[in-house]
Amino acid sequence: MRLREKLHAKLKECISFGKVRLSSGKETDFYFDGRQVSLEPEGSVLIASLMLDEIERFGGVDAVGGLTSGADPITSSIGVLAHQRGVPLRLFYVRKEPKSHGLGKLLEGPQIPRGARALIVDDVITTGKSILQTRDALRAEGVTTVGAMVIIDREEGGREVLEREGLKVLSLFRKRDFLP
-9 MRLREKLHAK LKECISFGKV RLSSGKETDF YFDGRQVSLE PEGSVLIASL
41 MLDEIERFGG VDAVGGLTSG ADPITSSIGV LAHQRGVPLR LFYVRKEPKS
91 HGLGKLLEGP QIPRGARALI VDDVITTGKS ILQTRDALRA EGVTTVGAMV
141 IIDREEGGRE VLEREGLKVL SLFRKRDFLP
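Written out as structure tokens, the structure reads:
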């Protein structure tokens, strides 16, 4: 079985249908519990493999990361695989709020040079809010966001919001890929 098919089968087990309230406050009938796959060893490797392939095709990406906590396991898995493949990438995550102690950082990870090009990753896209929050944090550090990549696009308007903001959006799957 190919990587994409294996991942699809794993993701299918983490999707539920029925009314659920999301962190955005929005109600949906399609819920994806991404951490059930991104924090499972085989699932994390499948996600990282497919995403890193897309990153390499995309080209010109210096850094990869996203808003904590949905992006954390994805970012880490991509980083390990990138190292094994010899693909130079800086990794980061963005806190929801700056730390109240220490250096008070919002953007965590090794220093990303000004002018670097970042691709934001996340488990799912609904409204695009978390990706825009990440983009804004990167912009404040002089880093350019070139696009976003998610495991599943919920197809609830987030892609369109991001594209209007000039971001290219890649998704491994869309909601329609899981509908009966």
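Residues -9 to 170, numbered by my numbering, are exactly what the sequence shown covers, in order.
A virtual CB, placed ideally from N, CA and C, is assigned to each residue, including glycine.
Original post:
How about the stretch 141 to 149 and the stretch 101 to 110: do they share at least three Cβ pairs that are nearer than 8 Å?
Top reply: no
**OP:** Tell whether a beta-carbon distance below 9 Å holds between Phe22 and Leu(-3).
**Re:** no
**OP:** List the DSSP bridge partners of Ser120.
**Re:** BP columns for Ser120 are empty, so no partner.
Original post:
For Arg11, which three-state DSSP category applies?
Top reply: strand
Original post:
Can you name, in chain order, every residue of its own chain whose Cβ lies under 6 Å from the Cβ of Leu128, other than the five neighbours on each side?
Top reply: Ala108, Thr135
**OP:** Answer yes if the stretch 55 to 64 comes into contact with the stretch 77 to 85, meaning at least three C-beta pairs across the two stretches below 8 Å, and no otherwise.
**Re:** yes
**OP:** Please report how far the alpha carbon of Asp19 lies from the alpha carbon of Glu(-5), in whole angstroms.
**Re:** 24 Å
Original post:
Measuring from the CB of Pro31, is there a heavy atom of the ligand FAD at a distance below 8 Å?
Top reply: No copy of the ligand FAD occurs in the structure displayed, which carries no ligand at all.
Subject >> Arg250 in three-state terms, based on DSSP >> reply: Since the first residue of the chain shown is -9 and the last is 170, residue 250 is not available in this structure.
Subject >> Member of Pro100, Gly50, Thr116 whose CA lies at the smallest distance from the CA of Lys165 >> reply: Thr116
**OP:** Using the Cα positions of Arg75 and Thr65, report the straight-line distance between them to the nearest angstrom.
**Re:** 15 Å
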